[in-house]
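Novice:
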Amino acid sequence: MNLHLTGHHLEVTPALREYIETRLAKLSNHFDHMIDVKVTLSVEKLIQKVEATIHVPGADLHAESTDADM
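With the numbering used here applied, the sequence shown covers 59 to 128.
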């Protein structure tokens with residue numbers, strides 16, 4: 059699994075990276091072969107947003123979430 063983690067107006071700390079990796083490890087129980095994962099963390103004023111795109115054989119899955127706390 060290739061993980062591409064980027065931050066927009068945000069520094070990706072080792073703690074954030076570890077948290078995302080542990081959450082993605084749980085997805086490997088449902089999908090045997092995750093090819094590529096792209097995660098973007100962004101902050102605009104008081105809105106913090108996470109977007110993730112997962113490439114699995116036969117499909118591309120996309121999810122996004124916004125909240126006041128990352």
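Backbone N, C-alpha and C define an ideal beta-carbon position, used for all residues, glycine too.
Specify the secondary structure class of A126 as computed by DSSP and reduced to three states.
Specialist: Position 68 of the sequence shown, counting from 1, holds the residue named residue 126. In this structure, A126 counts as coil in the three-state DSSP scheme.
Novice: In this structure, does DSSP put L104 in helix, strand or coil?
Specialist: In the sequence shown, residue 104 corresponds to position 46, counting from 1. Coil, per DSSP.
Novice: So, with DSSP's three-state summary, where would you put E69?
Specialist: For the purposes of this step, residue 69 is taken as the residue at position 11 of the sequence shown. In the structure shown, E69 sits in coil (DSSP, three-state: anything other than H, G, I, E or B).
Novice: Check the C-beta distance from V108 over to V97 and give it rounded, since I have them as a contact under 8 Å.
Specialist: On the sequence shown, residue 108 is found 50 positions in, with the first residue counted as 1. On the sequence shown, residue 97 is found 39 positions in, with the first residue counted as 1. That belief holds up - the Cβ atoms of V108 and V97 are roughly 7 Å apart, short of 8 Å.
Novice: Here's the rule: buried if 16 or more other CB atoms are within 10 angstroms of the residue's CB, otherwise exposed. What is L99?
Specialist: The residue labelled residue 99 in the question sits at position 41 within the sequence shown. With 16 or more other Cβ atoms within 10 Å, it is buried.
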